[in-house]
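To keep things clear, I will list the structure first and then write my remarks on it.
Residue numbers (this note's numbering): 597 to 899.
Below, the structure written as structure tokens:
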């Protein structure tokens with residue numbers, strides 16, 4: 597009788613164990629906002645946040661070129677937040693945090709208008725347009741045509757770009773202070789820029805930057821990211837620096853390896869901007885910076 601009772605209770609014991617295991621699995625993989633405490637997430641920033649030409653382009657105004665696979669969207673899905681607002685916009689600079697930005701087919705409202713007192717997570721990518729990112733590329737590209745192996749861009753700018761970065765520092769600091777003022781409960785994450793160029797050499801004419809200008813412009817980007825890190829540290833923000841992990845994934849690499857597209861993109865993205873893989877990388881870096889488990893798609897070509 598004892599033996600038959602033991603056998604009879606085995607199915608019940610097995611079912612009970614499976615229920616407990618299932619419960620543990622559900623708890624472990626439930627929405628991350630329950631674990632991390634993030635419920636209202638607002639994404640601010642420029643085109644390195646918005647993701648121009650990366651499918652699918654969504655939202656208004658169209659001229660902001662926001663992708664639903666940009667890093668903010670991937671972070672929002674990874675965290676499972678209840679409320680997500682992406683007001684990032686291609687071409688944005690620090691004044692566009694507090695003022696409206698005219699873009700193709702419309703106007704983007706001041707990005708700070710998305711912030712609320714109960715916003716508890718904010719990411720921001722800003723600073724590149726303040727130093728004239730687009731104009732620098734055009735100037736250096738045109739200068740390279742007559743001197744592909746020299747350093748005409750460095751000769752043209754000298755210390756000007758370092759001075760621009762120094763002048764942008766207090767503007768970035770004001771952005772961070774403004775976020776804290778409008779969303780005092782928020783965790784603020786300032787996101788740096790993926791590596792654009794290799795340390796040296798380059799790939800002229802595919803990417804028309806003269807050989808001698810490659811290390812110069814790479815050092816400028818390092819200065820920009822360094823300034824962002826300093827401003828984050830001085831204004832109570834977390835700094836995420838994807839530059840540090842993107843060595844070997846610059847614009848000169850093979851299509852399946854690069855995280856930033858070149859002048860002629862080989863995957864859907866705007867020239868000299870992150871592609872979908874690059875956005876995945878940045879999203880995972882942000883999640884790691886928040887102490888959350890990366891739950892976005894693992895990018896190919898990582899090392």
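Note that beta-carbon positions come from the ideal geometry of N, C-alpha and C, so glycine has one too. Remember, it's a predicted structure, so these values are computed and weren't measured experimentally.
Rounded Cβ spacing between residue i and residue j (contact assumed at less than 8 Å)
i, j, result
"residue 745", "residue 807", "5 Å"
"residue 878", "residue 667", "4 Å"
"residue 816", "residue 858", "With a Cβ gap of about 18 Å, residue 816 and residue 858 do not count as contacting."
"residue 788", "residue 839", "6 Å"
"residue 876", "residue 670", "6 Å"
6 Å CB neighbourhood of residue i in its chain, flanking five on each side removed
i, result
"residue 615", "Caution is warranted here: a pLDDT of 31 is assigned to residue 615, below 50, making its placement in the model unreliable, and the coordinate value is therefore given only provisionally. So the list is empty, once near-sequence residues are dropped."
"residue 835", "786, 825 and 828"
"residue 823", "761 and 765"
"residue 791", "839, 842 and 846"
"residue 694", "706 and 708"
"residue 626", "With a pLDDT of 36 at residue 626, under the threshold of 50, the modelled position of this residue cannot be trusted; read the value that follows with caution. The answer is none, since no qualifying residue turns up."
Contact under 8 Å by Cβ, residue i with residue j
i, j, result
"residue 812", "residue 750", "yes"
"residue 645", "residue 681", "no"
"residue 661", "residue 643", "yes"
"residue 720", "residue 641", "yes"
"residue 855", "residue 863", "no"
"residue 776", "residue 832", "yes"
"residue 700", "residue 730", "no"
"residue 687", "residue 743", "no"
"residue 758", "residue 819", "yes"
"residue 883", "residue 846", "no"
"residue 654", "residue 664", "yes"
"residue 804", "residue 741", "yes"
Own chain residues within Cβ distance below 8 Å of residue i, not counting five before or after
i, result
"residue 797", "807, 810 and 848"
"residue 718", "637, 638, 639, 640, 711, 775, 779, 782, 783, 784 and 785"
"residue 696", "703, 704, 705 and 706"
"residue 910", "Summary: the structure shown does not reach residue 910, with the chain confined to residues 597 through 899, and so no result is reported for it."
"residue 656", "702"
"residue 713", "778, 779, 780 and 781"
"residue 770", "690"
"residue 799", "847, 848 and 858"
Burial state of residue i, where buried means 16 or more other Cβ atoms lie within 10 Å
i, result
"residue 870", "buried"
"residue 814", "buried"
"residue 675", "buried"
"residue 689", "buried"
"residue 723", "buried"
"residue 756", "exposed"
"residue 716", "buried"
"residue 692", "buried"
"residue 698", "exposed"
"residue 865", "buried"
"residue 850", "exposed"
"residue 763", "exposed"
"residue 628", "Any reading at residue 628 is ruled out, since the residue's pLDDT is 38, under 50, leaving its predicted position unreliable."
Cut-off 7 Å between Cβ atoms - residues of its own chain near residue i, not counting five sequence neighbours on either side
i, result
"residue 747", "806, 808, 809 and 812"
"residue 557", "Residue 557 cannot be examined here, being either before or after the span of the chain that is shown, 597 to 899."
"residue 752", "735 and 739"
Minimum Cβ-Cβ distance from residue i to chain B less than 8 Å
i, result
"residue 723", "Structure shown: chain B not included; a single protein chain is present."
Contact test: residue i Cβ vs the ligand FMN heavy atom, cutoff 7 Å
i, result
"residue 732", "As for the ligand FMN, it is missing from this structure, which has no ligand bound."
Do the segment 691–710 and the segment 733–751 touch if we need at least three Cβ pairs shorter than 8 Å? Touching, no.
So, do the segment 779–790 and the segment 646–666 have three or more beta carbon pairs nearer to each other than 8 Å? Segments in contact, no.
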